[in-house]
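Engineer: Sending over a structure as structure tokens; questions will come in a sec.
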Amino acid sequence: MTMVFSDHYRFLAHYNRWMNQRLYDACEALTDDERKLERGAFFGSIHGTLNHLIVGDQIWLRRLAQCGLDNDIRLASLNAKVLDLPAGSRLNTVVFDDWKELRAKRKQLDAAIENWVVEMPDVFLQLTMRYGNSSGVERTHPVWQAMTHFFNHQTHHRGQVSTLLIQAGVDVGVTDLIALA
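Our numbering numbers the first residue of the sequence shown as 2 and each following residue consecutively.
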């Protein structure tokens with residue numbers, strides 16, 4: 002079977018949604034205080050790390066949507082409602098203190114990501130994007146590299162949350178990408 006490059010990102014988006022749902026379901030076994038307990042992770046707690054993932058996703062999705070607009074490619078799934086990050090948000094900003102709101106935003110983002118990679122034309126992956134990173138450094142690289150980073154970043158931090166959950170006595174179960182194949 003021949004697979005085009007965009008199919009790879011569609012598969013990663015599907016895995017992303019599936020794994021986030023498993024992770025959030027596992028987090029339901031903890032109390033709010035347990036999810037917010039400082040555990041020595043880079044973003045402190047399980048809740049803090051999940052918040053970081055939402056902020057990071059929204060920052061990257063904004064950049065990718067802007068790249069599309071700059072090249073006359075409108076990505077309808079990446080709309081203002083999806084990308085509604087508060088002004089001045091940083092990578093450690095807690096945008097949702099409430100667990101149910103955090104979970105609802107994750108579900109909304111995951112649906113938007115899956116829809117976005119379906120509507121994304123193959124030519125989008127060949128574009129070059131330019132943006133200022135969170136430190137103000139101007140960056141330029143191919144869209145496909147940004148998208149690979151986008152999905153890899155999620156996997157990295159979900160791994161951290163999985164470890165924190167295991168330490169809290171909660172087993173997430175199978176997390177392997179190949180389990181979806």
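Note that beta-carbon positions come from the ideal geometry of N, C-alpha and C, so glycine has one too.
Quick one: what does DSSP say G133 is sitting in, helix, strand or coil?
Structural biologist: On the sequence shown, position 132 is the one that residue 133 refers to. Of the three classes helix, strand and coil, the one that applies to G133 here is strand, per DSSP.
Engineer: Shortest alpha-carbon distance to I167 belongs to which of S7, F6 and C28?
Structural biologist: As a first step, residue 167 is located in the sequence shown; it is residue number 166 there, counting from the start. Looking at the Cα atoms, C28 is the closest of the given residues.
Engineer: Kindly list the residues whose CB is nearer than 8 Å to the CB of V144, restricted to its own chain and excluding five residues on each side of it in sequence; keep chain order.
Structural biologist: Along the sequence shown, read from residue 1 onward, the residue named residue 144 stands at position 143. Excluding positions up to five away in sequence, the list reads L65, C68, F125, L126, Q127, L128, T129 and M130.
Engineer: For the beta strand (DSSP E) that contains R140, what are its first and last residues?
Structural biologist: Residue numbering aside, residue 140 sits at position 139 when the sequence shown is read from its first letter. Start and end: E139 to P143.
Engineer: Hey, is the stretch 73-93 in contact with the stretch 19-33, meaning 3+ C-beta pairs nearer than 8 Å?
Structural biologist: These segments do not touch.
Engineer: Quick check: what's the CA-CA separation for A81 versus I179?
Structural biologist: Indexing the sequence shown from 1 puts residue 81 at position 80. Indexing the sequence shown from 1 puts residue 179 at position 178. For A81 and I179, the distance between alpha carbons rounds to 33 Å.
Engineer: Measure the CB-CB distance between S78 and A113 and report whether it falls below 7 Å.
Structural biologist: The residue labelled residue 78 in the question sits at position 77 within the sequence shown. The residue labelled residue 113 in the question sits at position 112 within the sequence shown. Taking 7 Å as the Cβ cut-off, S78 and A113 qualify as a contacting pair.
Engineer: Take V171 and list the residues in its own chain whose beta-carbon comes closer than 6 Å to its own, dropping the five residues that flank it on each side.
Structural biologist: Your numbering for residue 171 matches position 170 in the sequence shown. These residues qualify, in order along the chain: A27 and A30.
Engineer: Here's the rule: buried if 16 or more other CB atoms are within 10 angstroms of the residue's CB, otherwise exposed. What is G49?
Structural biologist: Position 48 of the sequence shown, counting from 1, holds the residue named residue 49. Classification for G49: buried.
Engineer: Taking Cβ positions, are L63 and L92 nearer each other than 7 Å?
Structural biologist: For the purposes of this step, residue 63 is taken as residue 62 along the sequence shown, with counting starting at 1. For the purposes of this step, residue 92 is taken as residue 91 along the sequence shown, with counting starting at 1. Note that residue 63 is Arg in the sequence shown, not Leu. No, Cβ-Cβ distance for R63 and L92 is not below 7 Å.
Engineer: Under a Cβ-count criterion, where at least 16 other Cβ atoms within 10 Å of its own Cβ denotes burial, should H53 be classed as buried or exposed?
Structural biologist: Position 52 of the sequence shown, counted from the start, is the residue given in the question as residue 53. The residue is buried, with at least 16 neighbouring Cβ atoms inside 10 Å.
Engineer: What three-state label does DSSP hand A81 in the structure shown?
Structural biologist: Locating residue 81 in the sequence shown gives position 80, counting from the first residue. The answer is coil: DSSP assigns A81 none of H, G, I, E or B.
Engineer: By DSSP, does A42 sit in helix, in strand, or in coil?
Structural biologist: The sequence position of residue 42 within the sequence shown is 41, counting from 1. Strand.
Engineer: What's the gap between the Cα of A147 and the Cα of D34?
Structural biologist: Within the sequence shown, residue 147 is the residue found at index 146, counting from 1. Within the sequence shown, residue 34 is the residue found at index 33, counting from 1. A147 and D34: Cα-Cα distance of roughly 35 Å.
Engineer: Rounded to whole angstroms, how far is the Cβ of L86 from the Cβ of V96, which I believe are closer than 8 Å?
Structural biologist: In the sequence shown, the residue the question calls residue 86 occupies position 85. In the sequence shown, the residue the question calls residue 96 occupies position 95. With a Cβ gap of about 7 Å, L86 and V96 count as contacting.
Engineer: The alpha helix (DSSP H) with G89 in it runs from where to where?
Structural biologist: Along the sequence shown, one-based indexing puts residue 89 at 88. Careful: G89 lies outside any alpha helix (DSSP H) and carries neither H nor E.
Engineer: Have a look at W100, D58 and I55 and flag the residue whose alpha-carbon is nearest the alpha-carbon of T32.
Structural biologist: Residue numbering aside, residue 32 sits at position 31 when the sequence shown is read from its first letter. The shortest Cα separation from T32 among W100, D58 and I55 belongs to W100.
Engineer: Looking at Y10 and L181, is the spacing between their C-beta atoms short of 7 Å?
Structural biologist: Position 180 of the sequence shown holds residue 181. Position 9 of the sequence shown holds residue 10. In this structure, Y10 does not lie closer than 7 Å to L181 by Cβ.
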